[in-house]
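Chains as they are written, first to last, in this note's numbering: chain A, 82 to 206; chain B, 207 to 1147.
Below you'll find the structure, written out as structure tokens, and then a few comments.
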Amino acid sequence: MELLVAAAIGTLTAGGVYLILRLRSFPVILGLSLLSYAVNLFIFSAGRLAPGKTPIITKGVTDYTDPLPQALVLTAIVISFGMTAVLVLIAIGAHLGAGHDRTGMEDPPGPAAGEPAADGQEAGR
Amino acid sequence: MPLALIAALPFLGALLPWLMIRASRGACAVAAGSMTALALTGILLHAPAVLAGEVILWRADWLPALGLTASFRLDGLGLMFAGLILGIGLLIIYYARHYLSAHDPAGRFYTFLMLFQGAMLGIVLSENILMMAVFWEMTSLSSFLLIGYWKHLAAGRQGARMALAVTGGGGLAMLAGFLLLGQAAGSYELTEVLAAGDTIRQSPLYLPILVLILLGAFTKSAQFPFHFWLPHAMAAPTPVSAYLHSATMVKAGLFLMARLWPALAGTPEWTALVAGAGLVTLILGAAIALFKTDLKAILAFSTVSHLGLITFLLGLGTEAAAAAAMVHILAHASFKAALFMLAGIVDHEAHTREIARLGGLRRVMPLTFALAAVATLAMAGFPPFNGFLSKELMLESAAHAGGWLVPAAAVLGAAISVGYSLRFLSATFLGPLRPDLHAHDPGPGLWLAPAVLVVLVIASGLFPMALLAPVAGAAAGAVTGHAPHLHLALWHGLGPAALWMSLAAIGGGVALWGLWPALARAWAAAPRPEAKAIHDAVIGAMVAAARGVLARIDRGSLTLSLSAAVLAIVAAGFWAFGGGTHLPGLRAATPVEVAPAAAFVLLIAAIAGSVALHRQRLLALLLVGIAGLIIAAGFAYLAAPDLALTQITVEVVTVILMLLALNFLPAATPAESPVWRKARDGVLAGAAGLGAAALAWALMTRDFAFPSISSYHLAESKPGAGGTNAVNTIIVDFRGYDTFGEIIVLGIAALVIHALAQALLGPGRANERLLARRPDPGRAGDRHPMMLVVAARFLLPVAMMVGVYIYLRGHNLPGGGFVAGLVFAIALVLQYLASGHRWSQARQRIDYHAFIGAGVLVASAAGVGSWLAGRPFLTSAYGYIHLWPLEEFEWATAAVFDLGVFLCVLGAVMLALASVSRLAQRGGERVAREAFDIDPDGEEN
């Protein structure tokens, strides 16, 4: 089981790193989501794996998994929502303001390069 | 009144005008003035004891590990300066009320002024030198804000920047000096530093300490060669000049030298550096003042010169000279503040400060002329005013300094001072009245404050032993450690050398005044360095160098920066890994079951899919969501039900948020990365993943190196915090303070989102693009399916009940405020999805901001409540409550805290989502007018 969790953390990290290195804002945000999963899982796994040993104090039970990493990760999950939301709004603002959703500021592309995709994206709803 | 409270009052006074930023000038002035008056009263209540030689101390630990205590001290020196800061502060507040025009933002002005006053008061009351350094930097910052108060004036902005660069830089040097001083003295408390004078002087660090601290003092007090910033700071509104640049801030450097006199003075280095710089500044400042033609510029350089005089006196290192310095600090503050205010009146009435365009104002402004005459003659050192007394003392000290150079230079400085004073007075007020001047005396609002000071100038000149000697004597006693024999009188007989030197100075000054036109021609012809040009060139070169470096390492590419960061972390990890020996972990592996293995395969597939298909954004988002849900299931399997609940609920709101965002972003990412880039990123990502996996695996296959601190949490969860869910008791009790910070961060993030959305909706390119958006018509023509609407409304109370249940059981079973808040948020979001933004918004009575605020307040109240029981912040308690007809149940105060968490999470999540959906509305999203409106545009089509 440890190997599976470690592999999951590794895959999440690799996927996340690959996506944050893309050139457009949306994949970067997705990549950060994957990275936060990886980090949360990693912190959680620092408490070691103990299936079934839920840290709810019960009479007659003495063996529990480590609750502290769980508490840390719980708040981290909620905070990561806040962070993602801020990023999303920054991305929307950048796209609306600049007319394209590139993450870099280097060598500005031709005026029409990012434009066509800016409008008419309502099909999703 | 405790000293800490006195020191805090000006900051309270800064808060009031800020809170009523749109209030009138009068209201702001009253708010600021009342706090100043209160602080002054507090100081005066201590005055009898301090004048009797007592030192009042107040102390509280702040960061004891760093040697930082919040300790305050009031002795004779502090008393004199605190009296100046608050007394003149009060006059300035009154003067500024009438000086500022109705268009100037008065709230901002008084906030900055009070911030400055508080910082200044903090410097003179500090017992801990590190705390003094903090206040010192605060004066630099607040004076920057004050000098640049008229933001529309380029001169003001430049002057403010220059003042900040010079005084802030000096402050940094001083901080380094203080740290060394603390090392040498073995303490950062003034009492001990001052007592360790001999140790400090013999320390090998003495010279660095001296130079660094003097850098701070000289920059602040505009001593040569740092005198150039002060005249440029004159772009500030006149009340600011009168306050900062006559009475208080520029005296901070003098205060520092006087304060540390017992620790640093008395060595040849001290005398050479301090007296030398003082003497040069005295003469140079006076000489420049003689040839300036702007009233405030004359006063500015005159201030430079007088500060040089006081520095010179402190540098001499004798007790008599230190006493003379104290007398002159008082005298200079009174006449120079009055002169600045009077120059402001002239500027206000005649609309110019240029000497060439003034003249003869005594005919139309007799009152202003009378006040200015007294103050100017005091500045020149004529009897019977207080400036004469201090000048006599200065000349007396100079005469005893030995040699002929120092006395001669002192006389020269005094003579030039007489010269520019006479010129200041005569060019403005004497001679024929220029026909284009339509000035007259102002109302009492403007003349009252300088008049009070002028009365003091006369009174303290006539009755020095009653008015000047006690305060200056106590201050000098605090500086030197011995109560001095201050004998102040206008007439000491024909014996003292000072009398003859004084006469020589006056004669020389009158001669200079007479010869002025010839001298001015010579001065104009003489080449001299322009300090501002040099300063600007240095700053420009530094900026260019920084830009050059930055341009090389950062081309504005996020991808490049991120890959550099990832590469660095990966390289560090592999380097550390390669440097050690590796044994396999010995912890027994957890067996793999079928269901988790299947979930693992799904997870890997989802991640791989989201990466491979990331250019199709909707699909990639769904795959990431699936990965999140599988992780939630994993948490549940791995004995973390709280995490599973949180992850699932957060996943739902995150996916909804991203779906909303996709409305505004392109649906697909264009294929623009060449193969080499993909390969490079792939290698980097692979290495990072490998490293993370190896690290996690190595960690999990080993036992804890130390016993986990969690055993305490587990053991104390029930008896200490009254709950059986250890995760929840950690969140709301053991580490409640962390959680408190986290909900505040979450709230701030939501407010940032709201503000960003607000900014996008304001006029600008983004708004134009939003308005130009033409959303696709819905393909189904059924934006709000009746089935969904009915189901969502039915679910709302049910979901809320579930939320309440999750909240209530959280302390003992999986759940709690975080999850409950998210469940409520999802239930509400469902209404938005089903019935539309407008319909839902119309039914919402309370702003989401209010939820965030209420949440933080409730959580704070839960924390503060424990103070009432005499316990530290956020200590929780629990007990058993019996309420008929319920069974007896347990209730912990942590539940109140958890309620705060719940409210804050609910408000933050909803505010974030609602902000994005507001954008959608502006962007031409059609809204439902009726609850079951099938096609909002139906009737038009």
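Where is the CB? At the ideal position from N, CA and C, for every residue including glycine.
This structure is a prediction, so every number in the text was calculated from the model and none was measured.
If we define contact as Cβ-Cβ less than 8 Å, is residue i a contact residue for chain B?
i, result
"residue 205 of chain A", "Note that residue 205 of chain A scores 34 on pLDDT, short of 50, meaning its location in the model is unreliable and no value can be drawn from it."
"residue 124 of chain A", "no"
"residue 84 of chain A", "yes"
"residue 142 of chain A", "no"
"residue 104 of chain A", "yes"
"residue 130 of chain A", "yes"
For a cutoff of 8 Å on Cβ pairs, would you count residue i as touching chain A?
i, result
"residue 903 of chain B", "yes"
"residue 1067 of chain B", "no"
"residue 759 of chain B", "no"
"residue 937 of chain B", "yes"
"residue 849 of chain B", "yes"
"residue 906 of chain B", "yes"
"residue 1145 of chain B", "Low confidence applies to residue 1145 of chain B: its pLDDT is 44, below 50, so where it sits in the model is not reliable, and the reading given next is rough at best. Not closer than 8 Å to any Cβ of chain A, the Cβ of residue 1145 of chain B fails to qualify, so no."
"residue 1024 of chain B", "yes"
"residue 277 of chain B", "no"
"residue 313 of chain B", "no"
"residue 964 of chain B", "no"
"residue 217 of chain B", "no"
"residue 853 of chain B", "yes"
"residue 397 of chain B", "no"
On the three-state DSSP scale, how would you describe residue i?
i, result
"residue 647 of chain B", "coil"
"residue 736 of chain B", "coil"
"residue 742 of chain B", "helix"
"residue 946 of chain B", "helix"
"residue 1050 of chain B", "coil"
"residue 822 of chain B", "strand"
"residue 799 of chain B", "coil"
"residue 936 of chain B", "helix"
"residue 269 of chain B", "strand"
"residue 500 of chain B", "strand"
"residue 127 of chain A", "coil"
"residue 161 of chain B", "Residue 161 of chain B lies beyond the residue range present for chain B, which begins at 207 and ends at 1147; the question has no answer from this structure."
"residue 1147 of chain B", "Its pLDDT being 37, under 50, residue 1147 of chain B is placed unreliably in this model, and the coordinates cannot settle the point."
"residue 395 of chain B", "strand"
Please list, in chain order, all residues of the same chain as residue i whose beta carbon is under 8 Å from its beta carbon, the five residues on each side excluded.
i, result
"residue 579 of chain B", "631 and 635"
"residue 1100 of chain B", "927, 928, 929, 935, 938, 939, 942, 1017, 1068, 1082 and 1084"
"residue 1128 of chain B", "967, 973, 976 and 977"
"residue 409 of chain B", "390 and 415"
Give the interface partners of residue i over in chain A, defined as CB-CB distance under 9 Å, in chain order.
i, result
"residue 810 of chain B", "88, 89 and 92"
"residue 924 of chain B", "138"
Leaving out five residues before and five after residue i in sequence, what residues of the same chain have Cβ atoms less than 7 Å from its Cβ?
i, result
"residue 224 of chain B", "313 and 317"
"residue 204 of chain A", "Low confidence applies to residue 204 of chain A: its pLDDT is 35, below 50, so where it sits in the model is not reliable enough to give any reading."
"residue 873 of chain B", "823 and 824"
Which same chain residues end up closer than 6 Å to residue i when comparing Cβ atoms and leaving out the 5 residues on each side of it in sequence?
i, result
"residue 619 of chain B", "488, 489 and 492"
"residue 1115 of chain B", "859 and 1031"
"residue 122 of chain A", "90"
"residue 720 of chain B", "none"
"residue 875 of chain B", "821"
Name, please, each residue of chain A whose Cβ falls closer than 8 Å to the Cβ of residue i.
i, result
"residue 951 of chain B", "160 and 163"
"residue 833 of chain B", "93, 115 and 118"
"residue 1096 of chain B", "Within chain A, no residue comes near residue 1096 of chain B; the closest Cβ sits about 13 Å away, beyond 8 Å."
"residue 820 of chain B", "100, 103, 108 and 111"
Find the residues of chain B that neighbour residue i, judging by a C-beta separation of less than 8 Å, and give them in chain order.
i, result
"residue 209 of chain A", "With chain A running from 82 to 206 in the structure shown, residue 209 of chain A is simply not present."
Determine which residues share a DSSP beta bridge with residue i and list them.
i, result
"residue 1084 of chain B", "B/1098"
"residue 278 of chain B", "B/264 and B/332"
"residue 110 of chain A", "None; residue 110 of chain A has no bridge partner."
"residue 183 of chain A", "A/105"
"residue 931 of chain B", "A/137"
"residue 560 of chain B", "B/500"
Quick check: is any heavy atom of the ligand COA less than 7 Å from the C-beta of residue i?
i, result
"residue 718 of chain B", "As far as ligands go, the structure on display features none, and thus does not contain the ligand COA."
Residues of chain A with CB closer than 7 Å to the CB of residue i, please, in chain order.
i, result
"residue 1148 of chain B", "Coverage of chain B is limited to positions 207 through 1147, which leaves residue 1148 of chain B absent and any answer about it impossible."
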